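The structure under discussion appears below in the form of structure tokens.
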Amino acid sequence: MRSTFVIVSYDIRNDKRRNKIHKTLKNFGQRVQYSVFECEVSKIAYLKLRDRLDHLIEEGDNIRFYFLCEACRNTIERIGGELPFPDDLLVI
204 MRSTFVIVSY
214 DIRNDKRRNK
224 IHKTLKNFGQ
234 RVQYSVFECE
244 VSKIAYLKLR
254 DRLDHLIEEG
264 DNIRFYFLCE
274 ACRNTIERIG
284 GELPFPDDLL
294 VI
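204 is the number of the first residue of the sequence shown in this note's numbering; add one for each residue after it.
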């Protein structure tokens, strides 16, 4: 099954909801900035993610999804900061 590369950004007013959004997104992608995740997901996984997030947000909250094609994904540039590592990475 083909996967899609999606950048998800969010602006959530409430700390408790923001933490739930963060935990949900961790199951689908990699955090690259405080409120930005990169997710490579199947269509079914994307629909599950969107449904879960939709049930968590309230009025005034904002979540955006940006879909990148393979060619566009290869043009992503970064200045500064560290490359993201998985949350469960163990370095010895």
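Every residue gets a Cβ at the ideal spot worked out from N, C-alpha and C, and that includes glycine.
If you're wondering where the values come from, they're calculated on a predicted model, not measured in any experiment.
When DSSP states are grouped into helix, strand and coil, CYS272 belongs to the coil group. Contact between THR207 and PHE270 is confirmed by a C-beta separation of about 6 Å, below the 8 Å threshold.
Annotated as proximal: LEU259 and LYS223, with beta-carbon spacing under 8 Å. Here TYR213 has ILE224, SER238, ASN265, ILE266 as same chain residues with Cβ atoms under 7 Å from its own Cβ, once five neighbours each way along the sequence are excluded.
When the alpha-carbon of GLU261 is set against those of LYS219, PHE231, VAL235, GLU273, the nearest one is in LYS219. Ranking VAL209, ARG216, GLN236 by CA distance to the CA of GLU243 puts VAL209 first.
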